[in-house]
Structure formats: structure tokens, C-alpha cells
């Protein structure tokens, strides 16, 4: 295994070490994004690489049956505690523990980049009924908003993607890669659609700063460095608090793609 592969493996497996914080802090995609990703007529939906169940909870409010598949036992335990009504299974995108044509939709939130794409595409197509949909979303703070970009740049320069053109290129590149991945499975899916949704959520400076600690690059920092980064992030956010307020209005953006099983 090369150094790059080993780093990828370590990052992919790091989230379970912060499972409780992940479940508490990670924001779900914007409501409009979830509605777009999962058409209204879907009855059974698979939340693939479901993590601690942040998206799972929203899906369970919208469709009659949700199945969550998550490889990390620690993350899955948090999910099961949050949504005991949802069937939570151990599995991966490359080996989904469901029968052929079992679901009407598959949703993947901020996890596609961890998959072995050619294997995952074939496996997702297997469990989807014809006419079913695959939805992929990346959700995060909206760095096209000037104060967010400034904050990210001051906390950690390599985290900053401040310019609008950079954000557009990131969106284009990720979409292009996803289209390549979908095509790698052969004629299994139709044309890929894309959409972007924005929303605002209230959060304390402490929680916004701690959110950074749920991303793999920060999780894997030495303990001292991680604590220092999060403390610095909170300090800068407190400077932005309106007088007399305890929470910030934090902008988020959901970048979405969906495709239909042929």
C-alpha cells in the first residue's frame, strides 16, 4: 500500500473516533436539497455510508422506510441510538447487504469520495429498482459568503476556498468526477443532473468551531494542534457575535447530483 492509499485509509476510518461529536455537530443537507435528491414517490430509501444518522433522521420523516448502511460500528451505534426505528446495517458501498432491486432511492451524503467508485456504482445499481434514483450531496459551510471565507483563511489557510471562481471550479470538478464514476459501470444510469441549495442555521461559536474537529484532516492532527486550531476558530467566531447574542447565523450550501437507474 502506497503512502497516499494509507493516508486515504486512515482518513476514511477516522470518523468513528469522534462519533458522538459527529452526530451532534454535523448539519444535515438543506431541506430543499433532501426534497430534490429524493422524489416524493419514493417509498424505500437507502442512506449509504450513513455515518451517525444526520441525514437518516430527515429521510425517516419523509418516506415510509429508510435503511441505513454504515461500515463503522461506532458511527452506526450513534445512528441506532438516535433513530431506533431505522434498520441500521453493517456494510459498505462496495458490498451492500440488501437484495437486488430492494430500494427506490439511494442517497450518499459527503461520502462518495471514500468509495471504490467502479465497484460502488455496480453495487448501487444492483440494489436500485429500475427507475430508482441515486442522489449524491456534499454539504458544508458556504465559503462564498465573505465572512466564512475570511474566518476559514484566518483559522487555517489551506482550508480556504474563498473566491467564487474557485468554488465554481470545485463544483465542476467534483461533478465531472462523479459523471466519470457513474459511466464506469456501463449503461446502468441516465444523465446526471445537478443543483445547489443554500440555507442558514443558528449555532454557537463553540459548536461551529468544534464542527471543524469532525473532518478527517483535523481529526488526524496531533491532539495539541487540534485543540489549538479549534480554540482559535472559536475565538475568531466570538469576535463576530452581535452584541447581546449567543448564536451566529451560519450559511450552508448543499451541492447535489442525482441520476436515474435505467
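In my numbering, the protein residues as written are 327 to 588. We treat Cβ as the ideally placed atom computed from N, Cα and C, and that holds for glycine.
Determine which residues share a DSSP beta bridge with residue i and list them.
{"i": "residue 525", "result": "578"}
{"i": "residue 481", "result": "For residue 481, which the question treats as bridged, DSSP gives no partner whatsoever."}
{"i": "residue 534", "result": "DSSP lists no partner for residue 534."}
{"i": "residue 555", "result": "Paired residues: none, contrary to the question."}
{"i": "residue 584", "result": "461 and 519"}
Considering just the uninterrupted stretch of the alpha helix (DSSP H) at residue i, what are its terminal residues?
{"i": "residue 572", "result": "Where residue 572 is concerned, there is no enclosing alpha helix (DSSP H), given that its DSSP letter is neither H nor E."}
{"i": "residue 396", "result": "That residue, residue 396, is in no alpha helix (DSSP H); it is neither H nor E in DSSP."}
{"i": "residue 512", "result": "Element bounds for residue 512: n/a, residue is neither H nor E."}
{"i": "residue 469", "result": "From DSSP, residue 469 is part of no alpha helix (DSSP H); its letter is neither H nor E."}
{"i": "residue 566", "result": "Neither: residue 566 is in no alpha helix (DSSP H) and is coded neither H nor E."}
{"i": "residue 543", "result": "542-545"}
Relative to the alpha-carbon of residue i, which residue among the options has its alpha-carbon at the smallest distance?
{"i": "residue 583", "options": "574, 334, 459 and 512", "result": "459"}
{"i": "residue 423", "options": "440, 373 and 356", "result": "373"}
{"i": "residue 469", "options": "364, 577 and 523", "result": "577"}
{"i": "residue 443", "options": "418, 345 and 397", "result": "418"}
{"i": "residue 363", "options": "551, 565, 397 and 518", "result": "518"}
{"i": "residue 463", "options": "335, 551 and 581", "result": "581"}
Can you give the Cα-Cα distance for residue i and residue j, rounded to whole angstroms?
{"i": "residue 589", "j": "residue 451", "result": "A question about residue 589 goes unanswered here, because the residues of the chain that appear run from 327 up to 588."}
{"i": "residue 391", "j": "residue 385", "result": "9 Å"}
{"i": "residue 500", "j": "residue 506", "result": "10 Å"}
{"i": "residue 376", "j": "residue 533", "result": "21 Å"}
{"i": "residue 520", "j": "residue 434", "result": "14 Å"}
{"i": "residue 438", "j": "residue 351", "result": "20 Å"}
{"i": "residue 509", "j": "residue 530", "result": "42 Å"}
{"i": "residue 489", "j": "residue 397", "result": "Only weak support is given to the placement of residue 489: the predicted model assigns it a pLDDT of 46, under 50, and the value that follows is read from those uncertain coordinates. The straight-line gap from Cα to Cα measures roughly 36 Å."}
{"i": "residue 409", "j": "residue 550", "result": "34 Å"}
3-residue-minimum beta strand (DSSP E) runs that sit fully inside the stretch 328-390, ordered along the chain: Runs of the beta strand (DSSP E) inside the stretch 328-390: 370-374.
Alpha helix (DSSP H) segments (min. 4 residues) lying fully within the stretch 401-455: Here the runs fully enclosed are 443-453.
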